[in-house]
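Residue numbering for the sequence shown follows the working numbering, starting at -6 and increasing by one per position.
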Amino acid sequence: MPNFLRYKIIEACREPGCPLCRLEQQGVKRYLDNQFYENVNSPAWRARLRASYGFCHEHAWLSVHERLGDALGFSILYHDIVNTILQSLDGEIKSMRAPRRQGSVLKQIPESLRARAERFIASLTPRKGCPACEHREQVRRDLLAALIEDVQTAEMQETLKASEGLCLPHLRLVLGSAKETSVYGSILSLHRAKLESLKHELAEFIRKNDYQVIQEGFGSEGNAWLRAIRMIVGNRNE
């Protein structure tokens, strides 16, 4: 595993929630921040965004809410995208107004609106996926490979044991990427222990909500419900 990835995973394990969620989200934010800072006027990147009609819902609003791009940058990029869509609309309107050529009987049969609409709707569908999603997938692949390569070292074992562990979505990905039985078994055992501990903490939280024992107060189980959510669905985007 490259040293920088090992250190990133170890550092992320010291923070709340799934370390891979945290690193994926950080990677996407850095990517978007860099693209808005360096490539707003890049013809290649703008052509790429025209092909995907910009970003997906999640990453467009992430960029806005996290101020990863400014109003000018968004205006430049989405001017291109809006113009591209307008050109498609203009072409379709022009095609509808054009007189039909006289020819075979088949050519004189009116085209059904549904068939025409379906073809045009297909032209409004992005030809490529969201570039930020594609970057996230690459970050994910790199992290999975790095974690699997290093997961049986003493340092990574201790770090993972001290963390909240991987969320269920990332656990599935790691288990599916494991090529060795020992690695597979190691990840399973570690996360079984995590889930067993979490189950007991949730039960304790439930017990202490009984009015007869509520005076006992809460310990580490006080936020077990939040950790359970993170464990099952992953970290909230920050």
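Where a beta carbon is used, it is the ideal one built from N, C-alpha and C, also for glycine.
In whole angstroms, what separates the C-alpha of residue i from that of residue j?
{"i": "L25", "j": "R129", "result": "11 Å"}
{"i": "L181", "j": "L168", "result": "8 Å"}
{"i": "L232", "j": "K192", "result": "Nothing can be reported for residue 232, as the shown portion of the chain is limited to -6 through 231."}
{"i": "A139", "j": "L106", "result": "53 Å"}
{"i": "T118", "j": "A108", "result": "16 Å"}
{"i": "G178", "j": "Q18", "result": "28 Å"}
{"i": "K187", "j": "K22", "result": "29 Å"}
{"i": "N202", "j": "R229", "result": "26 Å"}
{"i": "A5", "j": "L82", "result": "47 Å"}
{"i": "C14", "j": "L65", "result": "30 Å"}
{"i": "A171", "j": "A221", "result": "25 Å"}
{"i": "R223", "j": "S88", "result": "52 Å"}
{"i": "S175", "j": "H58", "result": "43 Å"}
{"i": "Y46", "j": "C123", "result": "8 Å"}
{"i": "W54", "j": "L161", "result": "25 Å"}
{"i": "H184", "j": "A217", "result": "16 Å"}
For the alpha helix (DSSP H) containing residue i, list its first residue and its last residue.
{"i": "P119", "result": "First-last for P119: undefined, no H or E at that position."}
{"i": "E214", "result": "Unbroken run through E214: none, as it is neither H nor E."}
{"i": "C14", "result": "P12 to E31"}
{"i": "Y177", "result": "T174 to K201"}
{"i": "E51", "result": "H50 to H58"}
What is the DSSP secondary structure of residue i, reduced to helix, strand or coil?
{"i": "Q80", "result": "helix"}
{"i": "L159", "result": "coil"}
{"i": "Y0", "result": "helix"}
{"i": "K87", "result": "helix"}
{"i": "S105", "result": "coil"}
{"i": "T146", "result": "coil"}
{"i": "S45", "result": "helix"}
{"i": "E151", "result": "helix"}
{"i": "A171", "result": "coil"}
{"i": "A9", "result": "Reading off the sequence shown, one finds Pro at residue 9, where the question assumed Ala. Correct three-state label for P9: coil."}
{"i": "Q131", "result": "helix"}
{"i": "R223", "result": "helix"}
{"i": "D73", "result": "helix"}
{"i": "L61", "result": "coil"}
{"i": "R165", "result": "helix"}
How would you call residue i, buried or exposed, if buried means at least 16 neighbouring beta carbons within 10 angstroms?
{"i": "G96", "result": "With a pLDDT of only 49 at G96, under 50, the local geometry of the prediction cannot be trusted, and the value read off the model is given with reservation. Classification of G96: exposed, given that the 10 Å Cβ count is below 16."}
{"i": "Q101", "result": "Low confidence applies to Q101: its pLDDT is 45, below 50, so where it sits in the model is not reliable, and the reading given next is rough at best. So Q101 counts as exposed."}
{"i": "A196", "result": "exposed"}
{"i": "E189", "result": "exposed"}
{"i": "E194", "result": "buried"}
{"i": "H163", "result": "buried"}
{"i": "S56", "result": "buried"}
{"i": "L219", "result": "exposed"}
{"i": "Q28", "result": "buried"}
{"i": "H52", "result": "buried"}
{"i": "V226", "result": "exposed"}
{"i": "V144", "result": "buried"}
{"i": "V75", "result": "exposed"}
{"i": "F(-3)", "result": "exposed"}
{"i": "I141", "result": "buried"}
{"i": "L153", "result": "buried"}
{"i": "L79", "result": "exposed"}
Against chain C, does residue i count as a neighbour if the rule is that its beta carbon must be under 8 Å from one of theirs?
{"i": "A125", "result": "The question asks about chain C, but that chain is absent: this structure has only one protein chain."}
- prompt: Okay, do the stretch 146 to 153 and the stretch 111 to 122 touch, 3+ Cβ pairs below 8 Å being the bar?
  reply: no
- prompt: If you pair each beta-carbon of the stretch 65 to 83 with each one of the stretch 32 to 46, do three or more pairs fall below 8 Å?
  reply: yes
- request: Take every Cβ of the stretch 157 to 167, pair it with every Cβ of the stretch 8 to 19, and state whether three or more of those distances are shorter than 8 Å.
  value: yes
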